[in-house]
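All residue numbers for the sequence shown refer to the numbering used here, where the first residue is 1 and numbers rise by one. Glycine residues also receive a C-beta, built at the ideal position from the N, C-alpha and C atoms. As the structure is a computational prediction, the values presented were derived from the model and not from experiment.
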Amino acid sequence: MMRRSLALLLSLALAFPARAAGLPDLGDVGAADFSPATERRIGEQIIQEIRTKDASYLDDPEIEEYVNRLGHKLAASSQNPQQDFDFFVVKDSTLNAFALPGGYIGVHTGLLLAAQSESELASVLGHEIAHVTQRHIAQLVGKQSQSGMLMLASLLVAVLAAKSNSQVSEAAIAAGQAGALQSQLGYTRDFEREADRVGLQTLESAGYDVRGMPSFFERLQRNGRLYENNAPAYLRTHPLTTERIADMENRATSMPYRQVPDSADFGYVRAKLRAQSGVPTDAVRELNSLVEQVPNDAAARYGLARALMRAGRLDEAGAEVERLRKTAEPSAFVEALAAEIAMARKDGARAVKVLEAARARFPAYSYLDYTLADARILAGRPADAAAGVKQALQNRGEDQRLWALLSRANADLGKRTAQHRAQAEVYALRGALPAAIEQLEIARKAADGDFYELSAVDARLRELKARWLEERRERQ
Ligand SMILES: [Zn+2]
1 MMRRSLALLL SLALAFPARA AGLPDLGDVG AADFSPATER RIGEQIIQEI RTKDASYLDD
61 PEIEEYVNRL GHKLAASSQN PQQDFDFFVV KDSTLNAFAL PGGYIGVHTG LLLAAQSESE
121 LASVLGHEIA HVTQRHIAQL VGKQSQSGML MLASLLVAVL AAKSNSQVSE AAIAAGQAGA
181 LQSQLGYTRD FEREADRVGL QTLESAGYDV RGMPSFFERL QRNGRLYENN APAYLRTHPL
241 TTERIADMEN RATSMPYRQV PDSADFGYVR AKLRAQSGVP TDAVRELNSL VEQVPNDAAA
301 RYGLARALMR AGRLDEAGAE VERLRKTAEP SAFVEALAAE IAMARKDGAR AVKVLEAARA
361 RFPAYSYLDY TLADARILAG RPADAAAGVK QALQNRGEDQ RLWALLSRAN ADLGKRTAQH
421 RAQAEVYALR GALPAAIEQL EIARKAADGD FYELSAVDAR LRELKARWLE ERRERQ
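And the structure:
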């Protein structure tokens, strides 16, 4: 991951090893020079690298949307509800979550699977959100630009090193350095204590079970003791002490007890992760035995249906979904799966029907928009796909998945100007301005749009070229 920027930052990190030792103490530096806008921009660059180049980024909009729903609910109850947050998932079996600069929070799949309740998962997100709202990264970066860059470099290296299964060659080099850097990078004990305290408040005001926090952290610590040489990454990046857990327990017991049931989506997300991992036949076997143990567990059955679909056993997958529709609470997850099974059968018309009904019923689930556009394209209705996507774009203009679908729909319609214009937006949102400009130039040459469309292409081209010039000037 992060090949280009990593190489640059890594060389910076190695060029100033002496400065790494003298990290500023909490409180003795201001975060003023590292403004929230700068922090957000740096975070945005890192996340673009992760989304486009990192093989361990989990490109699953349905799961990403769930984590964002949970994260945003917590963020709305945090100390700074105005802060922008974006959550994403990393395919990594270690128990970890991390905050990048600017409110970008990554969650490992291992953590999603290890949490025994939604409140437990929320407690870790609450802790990470607190690192962001308390501006811990900015305080670590401090005033001096040189050591600031070094801190960022260390941060990137640590993120990279946290990936146990990274295959990028730089990772091997970085891993050696990261051990040294990471010990200096780690949040201080004071930061950790503050993140626990603030995170717990967030958890409480968002309506989760506050006791989820000490119980989960205690289990994390116990696991760390069991596998001493291979302690969960969370323990290394957020050093966990008995005092911290005792502190959390004390605070939690002084708060009113409340029993909070998990959302159905929490179960579906975990079942989907299980169904998608490993060899399909093994996943079928694992979920089958889970269904046998708890036949009324909708999430287990949903997982089994997904695993069967992966294994190409579409009839059985379809039968499990029909059973779910009759017995479980109506769910966007189940409807989306029903449509995906229909699409695997090349039955686009049936998938469109299921999804149009589901979209009306579950308007908050954007995943249905993507799947519906896919299904309409499959059903030979690209004009409907384009119309639906354009409507969704009115509220989510920065959603690159929607732009990619619009480009595909227009390609099917033979509208080349519109196709490349949409593709340009995909690249622009990924921060790849030269590629975006190239697409707009192709769009202009294709010239099969009307006067208004071509003027829009010209205007956008001027805008992106100006932005590209400005970026290049900034870098010099
Ligand atoms: Zn922490």
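Per DSSP, the bridge partner or partners of residue i
i	result
Val-260	Val-260 is not bridged to any residue.
Phe-87	Ile-105
Phe-98	Gly-106
Tyr-370	DSSP, once it has assigned bridges, lists no residue as partnering Tyr-370.
Tyr-57	Val-90
Below-8 Å beta-carbon distance, residue i vs any chain B residue
i	result
Arg-473	Of the protein chains in the structure, only one exists, and it is not chain B.
Identity of the residue in the options nearest residue i by Cα
i	options	result
Arg-189	Ala-342, Lys-465, His-136	His-136
Phe-88	Ser-119, Gln-79, Ser-56	Ser-56
Asp-60	Met-309, Gln-82, Asp-247, Tyr-370	Tyr-370
Leu-402	Gly-388, Gly-199, Val-67, Leu-378	Gly-388
Ala-373	Arg-361, Arg-345, Glu-398, Asp-412	Asp-412
Val-426	Val-198, Leu-112, Ser-407	Ser-407
Tyr-365	Pro-36, Thr-417, Glu-65	Glu-65
Asp-450	Phe-217, Gln-259, Met-248, Lys-415	Lys-415
Arg-40	Asp-86, Pro-101, Asp-196, Gln-221	Pro-101
Gln-221	Glu-340, Ala-336, Glu-320, Ala-114	Ala-114
Ala-358	Arg-350, Ala-332, Pro-382	Ala-332
Ala-299	Phe-85, Val-90, Leu-337	Leu-337
Val-67	Gln-83, Ala-409, Tyr-268	Tyr-268
Ala-446	Glu-471, Lys-465, Asn-410	Asn-410
Gly-348	Leu-378, Phe-362, Arg-325	Leu-378
Gln-399	Pro-81, Asp-86, Ala-76	Checking the sequence, you will find Asp at residue 399 rather than Gln. Residue Asp-86 is the option with its Cα nearest to Asp-399.
Gln-45	Gly-103, Ala-252, Phe-191, Val-457	Gly-103
Phe-362	Lys-346, Glu-335, Arg-197, Ala-351	Glu-335
Sub-8 Å separation of residue i and residue j beta-carbons
i	j	result
Arg-396	Ala-385	no
Asp-297	Glu-118	no
Val-284	Ala-311	yes
Ala-424	Ala-443	yes
Ala-344	Leu-314	yes
Arg-244	Arg-193	yes
Thr-109	Arg-430	no
Ala-418	Glu-453	yes
Glu-292	Arg-274	no
Ala-264	Leu-74	no
Arg-270	Leu-433	no
Ala-37	Ala-130	no
Gly-71	Leu-125	yes
Thr-133	Gln-201	no
Ala-323	Arg-301	One point to set straight first is that residue 323 is Arg, not Ala, in the sequence displayed. Cβ distance < 8 Å, so Arg-323 and Arg-301 count as in contact.
Buried or exposed by the 16-neighbour rule on C-beta atoms within 10 Å, applied to residue i
i	result
Gln-439	buried
Pro-295	exposed
Asp-209	buried
Pro-330	exposed
Phe-494	As displayed, the chain neither begins before 1 nor continues past 476, which places residue 494 out of reach and without an answer.
Leu-99	The question names Leu, but residue 99 in the sequence shown is Ala. Flag for Ala-99 reads buried.
Ser-455	exposed
Lys-272	buried
Gln-394	exposed
Asp-54	buried
Ala-122	buried
Asn-96	buried
Asn-250	exposed
Leu-368	buried
Leu-469	exposed
Ser-289	exposed
Ser-215	buried
Glu-474	exposed
Asp-92	buried
Glu-340	buried
Val-354	buried
Arg-462	exposed
Gly-43	buried
Glu-128	buried
beta-carbon residue i near ligand 1 non-hydrogen atom, thresh 7 Å
i	result
His-108	no
Glu-192	yes
Ala-404	no
Ala-138	no
His-131	yes
Ala-195	yes
His-72	no
His-127	yes
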